[in-house]
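Residue numbers for the sequence shown follow full-length UniProt numbering, beginning at 1 and rising by one. Beta carbons are placed, not taken as given, at the ideal position from N, Cα and C, and that holds for glycine.
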Amino acid sequence: MAIKHATDQNFTEETSKGLVLVDFWAPWCGPCKMIAPVLEEIDGEMEEKVQIVKLDVDENQETAGKFGVMSIPTLLLFKDGEVVDQVIGFQPKEALTDLINKHA
Numbered sequence: 001m002a003i004k005h006a007t008d009q010n011f012t013e014e015t016s017k018g019l020v021l022v023d024f025w026a027p028w029c030g031p032c033k034m035i036a037p038v039l040e041e042i043d044g045e046m047e048e049k050v051q052i053v054k055l056d057v058d059e060n061q062e063t064a065g066k067f068g069v070m071s072i073p074t075l076l077l078f079k080d081g082e083v084v085d086q087v088i089g090f091q092p093k094e095a096l097t098d099l100i101n102k103h104a
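Below is the structure:
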């Protein structure tokens with residue numbers, strides 16, 4: 001499964017089923033650029049466990065505000081539409097895979 005890009009309009013639909021890791025990011029954010037290839041790897045290796053969704057906070061401020069995103073990257077883990085975990089800032093691949101496995 002490829003990484004999806006969510007908007008304010010389709011965010012609820014994209015996070016409503018199964019395990020979904022949402023990356024709140026912006027194009028100008030250095031740590032966001034560092035975590036992008038890590039998320040690509042995880043998507044390739046764990047696609048049967050988790051869907052990865054990216055949300056550009058500059059273009060989708062309503063959703064970012066709803067979840068109180070103040071720093072980016074912020075990663076929220078949703079399970080069937082509910083937030084079950086959160087991490088802020090760059091995370092190594094192992095930390096993210098552990099986070100996903102804890103809820104899978």
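Item, Value
"Are there 16 or more other CB atoms within 10 angstroms of the CB of residue 95, so buried, or fewer, so exposed?", "exposed"
"Would you call residue 60 buried or exposed, if buried means 16 or more other Cβ atoms sit within 10 Å of its Cβ?", "buried"
"Considering only C-alpha positions, which residue in the set 92, 58, 101 is nearest to residue 31?", "92"
"Do the segment 32-40 and the segment 60-70 touch if we need at least three Cβ pairs shorter than 8 Å?", "no"
"Determine the contact status of residue 57 and residue 25, defining contact as a CB-CB distance below 8 Å.", "yes"
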